[in-house]
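Note that the sequence shown ends on residue 198 in the working numbering; no numbers are left out. Built from N, CA and C at the ideal position, the CB exists for glycine as well. All figures in this text were calculated on a predicted structure; none of them were measured in a lab.
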Amino acid sequence: MPTPGDVKSWEDRESEATDMAQAYRDLARGEQTAAALEANLSVLHSRLDAMLAGLEPKEAAVADASLTGPAAATITDETAGSNDEKPQDGGGEKKKQK
């Protein structure tokens, strides 16, 4: 006849087996979810690559047109000033004549 300790041990083992089975099911479900996410990311990556590949020729054409178009001959460097320009603020001190 089983003792109360034996029954408790069997219940614990049964509970452990149930917990392990649930953990295994959760792990399998997680792996399936991860595989689905990887597949979706691969599709997204492929679409982004295709979009970027489609944009590169357009960018090159725009850059070529801007460098060879009629406006290219009139491009000037507006950041350079002439040497004739002098500050008009009068910030320097004037010497007094004696």
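{"query": "Can you grab the Cα-Cα spacing for the pair alanine 134 / aspartate 164, in whole Å?", "result": "45 Å"}
{"query": "Helix or strand or just coil, what does DSSP make of proline 157?", "result": "helix"}
{"query": "Please report the straight-line C-alpha distance between alanine 180 and leucine 167, rounded to a whole angstrom.", "result": "In this prediction, alanine 180 has a pLDDT of 49, which is less than 50 and means its spatial position is unreliable; what the coordinates show is noted afterwards. Answer to the nearest angstrom: the Cα atoms are 21 Å apart."}
{"query": "By DSSP, does threonine 118 sit in helix, in strand, or in coil?", "result": "helix"}
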